[in-house]
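Residue numbers (full-length UniProt numbering): 1 to 1163. Contents: one structure, followed by commentary.
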C-alpha cells in the first residue's frame, strides 16, 4: 500500500490545473476533436448574450429617438431585426456544438474510465481488498458515482463554466467600449454580485452534502431491516428498528431546517441586483444629462454590469464541481496506476514445459495483511506428491484455507517458499500457474449471467459440446450451478477443493463426491473438509492445529493412534448410539451460502439450485415492471393532509411565495418606465423620476431578501417534516407486511440504492443499464478470488462492456437531443425578439404605440418569460414527485395479509408449546405453481424435541415458516396450544418463539447490541450467560473490545461460526417456549459444533423444539424424528425405532447412504 500512499502524496503536490487534467486522461483523438468544437460552441454561446444586448440597445435608441422620419426609423429597426436573425443562426450553430459535443464526449470518456477502473480493480491482489474497508461499496461508488461526477462535469459544468466566463468577458468588454465612466463606477459591484453565488455554493451545497451523508444512516437501517426481515419479525424487533430509524432521521431534519434558512438568505441576497440597479440607473441619468449619452446605451451597460457579474458568479460556482471531478478522477487514476505486488497481468515468469503437479510448502511464515499481529504459519512445511490426494483437516482457524490461498498465490509468504515441481511459484508466470489449478470453493460464486457463461468462467474458448460434457462430468444435471466452473472446463493438473460438498444434503453430497473422486484421478488434489467421511480415501491426511501439521499419514495409520488428534476428530463425528449403524453426519449449508440475498426467495435456495436465484430475480423484476402501471393516481389533497401539522409554515411560505411572485413584474414595469425617462428633455423631470424609480429598486431589494427567507425556511420545514413523516410511515407499514410481499419484491432495496447513487436525470433505460454495470462490478469484487483463480478478468470486462452498450446508445440519442434542444431554445429567443422589435417598430411608425409602452412591455415579457420557462422546467420535477407520491401511497394503502399486531388477537402470557399442523395445503407466493404441501398434517408435542429430516426441497424449512406465521397456508390450519395461530396477536406470540436460522443475520452494531436484539431488558450477567451457553463468551472476551466489538454490516467482521454462535446466544437470551433450529450448527467445525450442540441440548430440555438438520448425528437424540419426502411425512419415530425398520426405511437409507464412506472411519 505504500506505493499508493506515495501516489496520493504526489497527487496532492500537483498544481490545480495539473490535477484537473486527470479528468481528461481517458480522452482519445475523437474526444479531443469533440472537446475543441464544444469549447468553441461554449465560447460562442457566452458571447452571444452581450451581442444580443448590444443590438437591443441600438433598437431602444431607435425607439427612444422617435419615428419623426418614418422611412429612416423603419430602415434602422429593420436592419437591427435582420442582425438579430443572423445572431439567431449563429446561436443555433454554437449552442448545438456546445450541447452535442460535450454530452457525447462525456459519455465516451466516462465509459472508458469505468472500464479501465474495473480492469485495474480486477488486476489488484487480494491483499489490496483485505486492507481496504468497505471495498465493494467503494467500487460501486467509483464505478457509478465517481464516474458520473466526471461525466456530469464534462457534459454540463465545464461548458457552463466556459460559457459564463465568455459572457462575463464579453459583457464587460462591450460595457467599457460603450460607456467607460459608468463601467468604472459600477465595477466594484461585481464583488457584491458574486457573494450570493458563493454563499449558495459554499453553505447550501455543503449542507446538502451533509444531509445526503446523514441520510445513509437511516437508509442503512431500513435496508438491513428489509433484507433481514425474518430476523426482525421473529425477534419482534419492529419497534426497536423504528426507534433507531426515527432517531437517525432527527439529525437530517435539523440539517434540513438549517439548509432552508441558508437557502433563503443566499437566494434573498440576489436582491442586491436591484440595489446595484438603483445606483446604476441614478448614475446613468447623470451621464445622460451631462454627457448626452442615449438611454438605450445606458440600459445596455447597466444590464451588462449585472449580467456579467452574475455570469462570473455562476461560472465560479462551477469551480467546486470541477474540483470534485478532479478528486473523483484522481481516486480512479490512483487505482488504475497502482501496480499490485502480485500482478496477474504480468507476463514475466517461467512456464514449465510439462507439469507433474508436485506441490511443497517449505518453512512458510505467514500472517494475513489485515491482521499482522496474528501469525497463521510460523514454520509450516507440507509436501503433496504429484498425482496424489492430500486432505487437510482441523478446527476453524487452523490454516487449512490459507494453504490453498498461498498455492493460488492470492498472497505471498513472509518467509519460506511454496514450490510446484520444485520451482518457487513466485518465479512462474501467474496466469499460467493459475491455469494449471482448478478451485472449487466453499461458497460457489455465481455471476448474474447465464449458467453457460458461469461454466465458461473456467475455460473461455470451450465449445457448446464441451460445456455440456463438463456439466455431465460434474453430475451437474441436478446442481448445474455448483461445480462445472471448477475442473472439467479447465482440465487442471492440480485440483483444490475447499469444503466443496459442505452445503449439500446427504443425497446430493454422494453424487457430488463421486464426481470429485472421478475428477481427482491422476491429478494432484488438495481437499479441505469438515466432514471426515469425504476424505477417508485420500492418500495422505494432514491434521492441522494452530498453523502446524500435527499428524500426517493415510487414514488407517492415523485412526490406529487412539490418542491422536485425528482419532478424536473422528470420534466427535460418530453417531452416539453405538448399537446402531455408525455414520458420519452430513454437514449443512454453510452460513456463507446466505450471501445470495436469501430474503428474495420464500426460503433459502438449497445449494443444489443456486442458479435459480438469477431467474427468480428476473421474474421479480418482470413482476415489478408489470405492477407499476397499476399505481393509483396520486392525490395532492392527501399529501397536503399529511402536511397538516405544518399549516402555519404552509401559510407563511405560500404568502411569501405570492409576494415574491409579484416582485419580478413590479421590477420589469419600473425598469421599462425608467428607460423612457432617459429620453425626456426636461432635466428636473429626469432627476425626480430617477429618484422615485431608484427608491423602488432599493425597496424591492429589501423586500426580496426578507420574503425569500420566509419562503425557503417555511417550505423547507414543511418538506423536512413531511419527508420524515412519510419515511417513518412507509417503513412502519412495510414492517407489517407478510413475508410473501418481500419474496415478490427482492429488488426493492437495490432499486432504492440505485436511485440514490444514480443522482442524474438519466432516462430509465440508462439508469437500468448503469445499475446493471454497477451490480456486475460489485459482484466481481465480492468474488475476486474466483475471478483471480480462473484468470477470467477479460471475460468480466467483456460482460461489463456489454452492459455499457445501453448507456452508450442512449448517450448518442441524448447528445442529439441536447444539441438540437439547446440550439433551438437559444435561437428561438433571438427570433422572437426579432419579430417583436420589427412589429413594435411598425406600430410605432403608425403612431399606435409609444416608446415607453414598448420598453415596459418588452422588459415585462423578457423577465416574466424567463420565470415562466423556469416554472415549465419544473414540470419534470413535478412528474417525478407525482410518481414518488403514487409509490408512497401504494405502500401506505396496501393492507397486509398477515397483521402482526392485531389488537383483538390473543396475547399469551405463557405457552406450553403444543403445535398442530392439520390438512395444510401450501405454495410460496413467489412460486404459486410449485405445491409444497397437500393435506399435510404433523403434531409436535409440548416440551419435546422434534427433528425434521429429508432431502433439499422436502418442506422442512417451510414448517418453520408456518409456525412463525411468516406465511399462511392456502387451506388447513396451524394451531399452537389448541388455538389457531391466526387468533393470536402475532407479535405477542413471536415473543415466545426463538429462531436460529441457517444463515445468521447480524446487524451493524456491537456484539452486545446483537445479542440483546429484540429483548427489551437484559442485564450484563444474562447476556454473558447466554453467550456462555452458546460457546461464544470465550472468543468474545478475547476480542480487543469484548462485547463492545463492532460486528460490521451484516456481521462481516466475524467468521461464520462466530456469527452463528452470537445468533444462538440471541435466541437463548429470549428464553422461548418454542425453539426453532433451522440448520443451527451447520456452519461450525466439529469441535465448535460439539460444544454448541451440547448447549442447544441443554436449552432444548423441557421446551418444544423443532430441529432441521442435514447432519443426522445432531438430531438422533430428539424425542421424535419426522422424515419428509416431497412434502409428505413418510416416517416418524425415534432414531432407534426408525433404524430398526432396516433397508426398507427411508431414514435407514439416508443413514446408510454414508455407510460406505464411513466404514473406514469406524473403530
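Glycine included, every Cβ here is placed at the ideal spot set by N, Cα and C.
With a beta-carbon spacing of about 7 Å, residue 58 and residue 296 fall inside the 8 Å limit used to define contacts. If you compare the alpha carbons of 232, 410, 1105, 636 with that of residue 742, the shortest gap goes to 232. Comparing C-alpha distances from residue 343 to each of 427, 307, 228, 672 shows the shortest one belongs to 427.
Scanning 400, 22, 229, 89 for the CA closest to the CA of residue 739 turns up 229.
In this structure, residue 529 and residue 440 do not form a Cβ contact; the two beta carbons are roughly 12 Å apart against a cut-off of 8 Å.
One thing to note: residue 252 has its Cβ within 9 Å of the Cβ of residue 724.
In this structure residue 906 is exposed. Its beta-carbon is surrounded by fewer than 16 other beta-carbon atoms within 10 angstroms.
Annotation: residue 294 is outside any beta strand (DSSP E) and is labelled neither H nor E by DSSP.
Apart from sequence neighbours up to five positions away, the residues of its chain that approach residue 912 with a beta-carbon distance below 6 Å are 942, 977, ordered along the chain.
Distance from the CA atom of residue 1002 to the CA atom of residue 216, rounded to whole angstroms, is 19 Å. When secondary structure is reduced to three states using DSSP, residue 377 falls in the strand class.
When 1120, 1093, 855 are compared, the shortest CA-CA separation from residue 1114 is found for 1093.
The beta carbons of residue 967 and residue 260 sit no closer together than 9 Å. For residue 707, the enclosing alpha helix (DSSP H) has its first and last residue at 683–734. Collapsing the DSSP output to three states places residue 384 in a strand. DSSP places residue 831 within a helical segment (H, G or I) once states are collapsed to three. When the Cα atoms are used, residue 538 and residue 247 turn out to be separated by approximately 57 Å. Secondary structure of residue 302 (DSSP, three-state): helix.
For the set 1066, 815, 641, the Cα lying nearest the Cα of residue 108 is the one of 815. In this structure residue 268 is in contact with residue 705, their Cβ atoms being roughly 4 Å apart against a cut-off of 8 Å. The Cβ-Cβ distance between residue 359 and residue 402 does not fall below 9 Å. Proximity of the segment 929–944 to the segment 1106–1125 meets the contact definition, three or more beta-carbon pairs being nearer than 8 Å. In the same chain as residue 423, and ignoring 5 residues on each side of it, the C-beta atoms closer than 8 Å to its own belong to 350, 352, in chain order. In this structure, residue 164 sits away from residue 44, with a CB-CB distance that is not shorter than 9 Å. About 36 Å separates the beta carbon of residue 636 from that of residue 670, a gap too long to meet the 8 Å contact definition. When C-beta atoms of the segment 269–277 are compared with those of the segment 1035–1048, fewer than three pairs fall below 8 Å, so the two segments do not count as touching.
Unbroken alpha helix (DSSP H) stretches of 4 residues or longer found wholly inside the segment 20–103: 29–64, given in chain order.
Look at residue 415 here: in three-state DSSP terms it is strand. For residue 310, the closest C-alpha among the options 190, 854, 900, 544 is that of 190.
Residue 995 is positioned such that its CB atom lies closer than 9 Å to that of residue 234. With three or more CB-CB distances shorter than 8 Å, the segment 375–385 counts as touching the segment 536–550. Around the beta carbon of residue 840, 16 or more other beta carbons sit within 10 angstroms, so the residue counts as buried. By a beta-carbon distance limit of 8 Å, residue 357 does not contact residue 399. Their separation comes to about 22 Å.
If you look at residue 918, you'll find it in the beta strand (DSSP E) that goes 915–923.
Here residue 681 is exposed: its Cβ has fewer than 16 other Cβ atoms, across all protein chains shown, within 10 Å. With respect to residue 676, residue 850 sits close: the two C-beta atoms are nearer than 9 Å.
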